[in-house]
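Enquirer:
Residue numbers (my numbering): 12 to 287.
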């Protein structure tokens with residue numbers, strides 16, 4: 012099965028003179044079981060609109076188009092998008108809209124599902140953008156395994172990070188399946204993981220303050236919060252004792268990486284507003 016997809020991929024990129032660009036995270040999926048895992052995990056209904064980011068030459072796009080009412084396929088590389096258009100035209104499918112754009116710079120469409128082998132080079136900022144700016148019910152996405160571990164990490168775990176906090180506040184993440192490097196061409200140096208993310212409603216609006224708070228505090232993730240806030244105050248030019256008085260004592264003695272996601276909302280509201 013892999014050989015079929017790999018052979019088609021190699022012939023297609025040769026035909027269109029495509030040279031995979033590492034800086035764009037271009038690794039084309041060549042494992043049919045990975046494609047089917049994403050399709051099954053997304054539970055696409057016939058009346059749904061699906062967003063695919065980094066559509067590539069259309070290997071996944073075709074299967075999405077068979078299931079969905081419409082597929083919005085975003086691809087930033089014009090040469091690859093030309094191959095994608097050829098692939099779609101050859102099938103006669105008319106429910107695929109190809110958008111040639113940088114997903115990080117375009118407005119996010121409102122869709123029912125997001126299904127993608129995310130470009131590895133932008134997976135972290137793209138995840139935050141999707142969660143903050145895009146209306147959707149469920150996403151089935153492929154990540155580098157180390158990024159997936161951060162998405163799944165809980166307070167106190169070694170991979171717990173800024174990304175873990177934002178994801179926990181805005182979504183519910185579940186691991187689906189791991190895949191080896193040979194599921195892609197060219198083969199990346201790391202394994203990949205398919206996860207699903209259900210969008211969670213969150214009425215928090217002060218994201219600029221939260222992101223600034225997370226950035227500074229997680230740069231000292233193993234320090235107790237009291238010490239980390241002292242550094243925060245030095246960076247922001249704030250009066251340390253005034254800030255400390257605003258924070259619950261029970262939090263001050265915990266280490267940054269032990270704090271719950273909602274604790275960071277509390278902290279950003281208590282200290283982040285002072286730097287706005």
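Cβ atoms here follow ideal geometry from the backbone N, Cα and C, with glycine treated the same way.
Ends of the beta strand (DSSP E) at residue 153?
Expert: It spans 149–155 - the beta strand (DSSP E) in which residue 153 sits, taken as one unbroken run.
Enquirer: Measuring straight from C-alpha to C-alpha, what distance separates residue 279 and residue 28?
Expert: Taking the straight line joining both Cα atoms gives about 49 angstroms.
Enquirer: By Cβ distance, which residues of its chain are closer than 6 angstroms to residue 177, with the 5 residues on each side in sequence left out?
Expert: Answer for residue 177: 139, listed in chain order.
Enquirer: Checking the sheet assignment: what are the DSSP bridge partners for residue 54?
Expert: Partner(s): none; residue 54 has no beta bridge.
Enquirer: What is the DSSP secondary structure of residue 23, counted as helix, strand or coil?
Expert: The answer is helix: DSSP assigns residue 23 an H, G or I state.
Enquirer: When DSSP labels each residue in this structure, what does residue 268 get in the three-state scheme?
Expert: Residue 268 falls in the helix class under three-state DSSP.
Enquirer: Which same chain residues end up closer than 6 angstroms to residue 58 when comparing Cβ atoms and leaving out the 5 residues on each side of it in sequence?
Expert: Within the same chain, residue 58 has close Cβ partners 80.
Enquirer: Could you tell me which residues DSSP pairs with residue 109 in its beta bridges?
Expert: Answer by DSSP bridge pairing, in chain order: 84.
Enquirer: Hey, out of 134, 167 and 147, whose CA is closest to residue 157's CA?
Expert: Among 134, 167 and 147, the Cα nearest to that of residue 157 is on 134.
Enquirer: Could you tell me which of 169, 149 and 222 sits nearest to residue 210, measuring between CA atoms?
Expert: It is 149 whose Cα lies nearest to the Cα of residue 210.
Enquirer: Consult DSSP for residue 215 and reduce its assignment to one of helix, strand or coil.
Expert: Here residue 215 sits in coil by DSSP.
Enquirer: For residue 33, count neighbouring Cβ atoms within 10 angstroms of its own Cβ and tell me buried if that reaches 16, exposed if not.
Expert: Exposed, because fewer than 16 other Cβ atoms sit within 10 Å of the Cβ of residue 33.
Enquirer: For the region 167–198, which segments carrying the alpha helix (DSSP H) assignment without a break, of at least 4 residues, lie completely within its bounds, in sequence order?
Expert: Those alpha helix (DSSP H) runs which fall completely within the region 167–198 and span 4+ residues are 173–181.
Enquirer: Sorted by chain position, which residues of the same chain lie with C-beta nearer than 8 angstroms to residue 181's C-beta, five sequence neighbours on each side aside?
Expert: Answer for residue 181: 142, 143, 210, 211 and 213, listed in chain order.
Enquirer: What does residue 128 pair with, by DSSP beta-bridge criteria?
Expert: Answer by DSSP bridge pairing, in chain order: 153.
Enquirer: Look at the alpha carbon of residue 30 and the alpha carbon of residue 87, and state the distance between them as a whole number of angstroms.
Expert: Cα to Cα, residue 30 sits roughly 14 angstroms from residue 87.
Enquirer: State yes or no: is the C-beta of residue 201 within less than 7 angstroms of the C-beta of residue 159?
Expert: For residue 201 and residue 159, no; Cβs fall outside 7 angstroms.
Enquirer: In the DSSP assignment, what are the bridge partners of residue 200?
Expert: The partner list for residue 200 (beta bridge, DSSP) is empty, contrary to what the question assumes.
Enquirer: Can you say whether residue 129 is buried or exposed, counting buried as having 16 or more other CB atoms within 10 angstroms of its CB?
Expert: Residue 129 should be labelled buried.
Enquirer: Can you give me the Cβ contacts of residue 40 inside the same chain, cut-off strictly under 7 angstroms, excluding the 5 residues immediately before and after it?
Expert: Taken in chain order, the residues that qualify are 46, 70, 71, 128, 194 and 195.
Enquirer: Let me know the secondary structure DSSP gives residue 115 once reduced to three states.
Expert: Here residue 115 sits in coil by DSSP.
Enquirer: State the CB to CB distance for the pair residue 114 and residue 64, rounded to an integer number of angstroms; the pair is presumed to be in contact (CB under 8 angstroms).
Expert: Confirmed, Cβ separation roughly 5 angstroms.
Enquirer: Where does residue 238 fall in DSSP's three states?
Expert: Residue 238 falls in the helix class under three-state DSSP.
Enquirer: For residue 92 and residue 153, I'd like the C-alpha separation in whole angstroms.
Expert: The straight-line gap from Cα to Cα measures roughly 20 angstroms.
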